[in-house]
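A quick write-up on the structure given underneath.
Residue numbers (our numbering): 4 to 378.
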C-alpha cells in the first residue's frame, strides 16, 4: 500500500506510515506507524491475531469507532500481548467505552495480577466533553473515573507530529469517524535564508531541536549572518516570528476514516465538515446499489453513497473497506460500482488478509516415538 500511495499522491507522509491491516471482508483495522518515535496508533480493534507481537507491543493509542464486536473484540488479543508491558495505552471512543472494556476484561480471572502490568486510559467522547477513565492492570482492570474536560472543537489528540479530530455519527448508536492530519515538520526555505543572508551553522540544529521540543518561545536564538565576507552572530528575540519568516511551505497529508455510519443528512454534514480536503479517504462500502434497503436498515453505506461522498469530499485517494459478507464470492461486484471523480484514485485491498482458520485434517498428527524400553 505504501509504495502505491507514494506513487499516486506523489509526495510522502513525513512521519506517518498508514497500513490497512485487513482485507475487504475482514474486520476493519487501520495501523498508523509514527516512525520517528516508534509508537503505533490503531483505528478500530477487531481481529488482531495476525499481527506480530512486536507491532502490538508498540501500540500506544487506539481510536474506536464503536463497540460492536467486529471493531472491538481484538482488545482481548491486544491485552494478551501487552499484559506484562509496564505502559498505559490510551483509548478514544464514544461514551460507554470504558464500561464495555471493563466488562470485557472482567470475563477473565486476574488473581495473579502484578504491579508492572499494563493499564488502559479511556477517553469517552461526547458532543461537548470528554470523560477520562483509568483501568489499571495491577488492580485487575477495575475502572476508575479520573476527570472530565470540555470539548471546544473536533480535535481530541495533538502532538508535534499529528492531530486527530473526530465527529460522532449515527449507527443506531454513536459511531465515531476520525480525521488524521500530519503536522508540518521543521523546514527552512533556502531562498528565504539567502535573501536574509543567513549562514549555515550549528544554530540550525539548535533551531530544529527547539522546534521539535515545542520550545521556540523559550528565549532568544543566536544565528549566523553573512557580513563583510564572514559570518557574524545575531540575536533573534522573537523566535516564533523568525521561524514564520523562514519556514518552508509544506502540504502535510491527511487521512479520513469512516465506517459504520448511516447515510443520513446529519451524518453527511458531519462527514463533510470533518473530512473536507483530505488526501486519503478510508471508507466503508458495505453494499451494492441494489441492496440499498439493507444498507439503510443496518445504517451502513452502499456504493452510491460512497460515490456521492467522493464527489463531495474530492480526496486524492479512496480505499473502500468493510464489505458485507453477502459478497464473499464476488467482491468485484461492489468495487465495479464505484465511480471516483477525476483526480481521485481507487486503492483496492485484497479480499482477505487475515489467515483462514485451519480444518482438523490440516493439523499435523503427533509423531509416534519408538518405545525406548525395547531398545
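Just so it is clear, CB atoms sit at the ideal spot from N, CA and C, and this is done for glycine as well.
In this text the structure is predicted, and so the values were computed from the model without any measurement.
Excluding sequence positions up to five before and after residue 54, its CB lies within less than 7 Å of the CB of 24, all in the same chain and listed in chain order. Bridge partners of residue 138 according to DSSP: 123. Runs of beta strand (DSSP E) with 3 or more residues, each lying fully within the stretch 170-237, are found at 177-185 and 224-230, listed in chain order.
Residue 29 and residue 355 do touch by the CB rule: their CB atoms are close to 6 Å apart, below 8 Å. Contact holds between the stretch 52-71 and the stretch 79-99, because three or more Cβ pairs, one in each stretch, are under 8 Å apart. Residue range 242-249 is occupied by the alpha helix (DSSP H) that includes residue 243. Contact between the stretch 190-206 and the stretch 239-251 is present: 3 or more CB-CB pairs across the two stretches fall below 8 Å.
For residue 138 against residue 122, the beta-carbon gap comes to about 6 Å, under 8 Å, which counts as contact.
Secondary structure of residue 38 (DSSP, three-state): coil. Residue 128 carries a strand assignment under DSSP once its states are collapsed to helix, strand and coil.
Annotated three-state conformation of residue 257 is strand, per DSSP. Short of 8 Å from the beta carbon of residue 334, and not among the five residues preceding or following it, lie these beta carbons of its own chain, in chain order: 27, 28, 326 and 354. Residue nearest to residue 234 within the set 199, 131 and 217 is 199 (criterion: CA-CA distance).
Of the other Cβ atoms in all chains shown, fewer than 16 fall within 10 Å of the Cβ of residue 368; this residue is therefore exposed.
Of all C-beta pairs linking the stretch 69-79 to the stretch 98-109, three or more are shorter than 8 Å, placing the two stretches in contact. The beta carbon of residue 344 sits closer than 8 Å to those of 313, 314 and 317, all from its chain and outside the five residues before and after it, given in chain order. In chain order, 313, 317, 318, 319, 320 and 321 place their CB closer than 8 Å to the CB of residue 347, counting only its own chain and leaving out the 5 sequence neighbours on each side. DSSP, read as helix, strand or coil, puts residue 108 in helix. Annotated three-state conformation of residue 91 is strand, per DSSP. Nearest to residue 167 by alpha-carbon distance, out of 258, 341 and 131, is 258. Burial state of residue 363 is exposed, judged by a 10 Å Cβ sphere holding fewer than 16 other Cβ atoms.
Close CB contacts of residue 299 within its chain, under the 8 Å cut and outside five residues either way in sequence, are with 265 and 266 (chain order). The Cβ neighbour count for residue 131, taken over all protein chains shown within 10 Å, is under 16; the residue is labelled exposed. Taking the Cα of residue 282 as reference, the smallest distance to any Cα among 288, 81, 256 and 229 is reached at 256.
In terms of Cα proximity to residue 16, the closest of 184, 108, 146 and 49 is 184. By the criterion of a C-beta distance shorter than 6 Å, residue 160 is surrounded in its chain by 167, once the five residues flanking it on both sides are discounted. If the five residues before and after residue 56 are omitted, its C-beta is found closer than 6 Å to the C-beta atoms of 84, all from its own chain and listed in chain order. Fully contained in the stretch 256-332 are the following beta strand (DSSP E) runs of length 3 or more, in chain order: 257-261, 283-287 and 320-324.
The C-alpha of residue 361 is placed about 30 Å away from the C-alpha of residue 68. The beta-bridge partner set that DSSP reports for residue 21 consists of 35. Taking 8 Å as the upper bound for CB-CB distance, residue 19 and residue 37 are in contact here, some 6 Å apart.
The beta carbon of residue 219 is closer than 8 Å to those of 213, 242, 243 and 246 in its chain, skipping five residues each way along the sequence.
Here DSSP, grouped into helix, strand and coil, assigns residue 43 to strand. When the five nearest sequence neighbours on each side are left out, no beta carbon in the same chain lies closer than 8 Å to the beta carbon of residue 374. DSSP, read as helix, strand or coil, puts residue 63 in strand. Buried is the label assigned to residue 210, since at least 16 other Cβ atoms lie within 10 Å of its Cβ.
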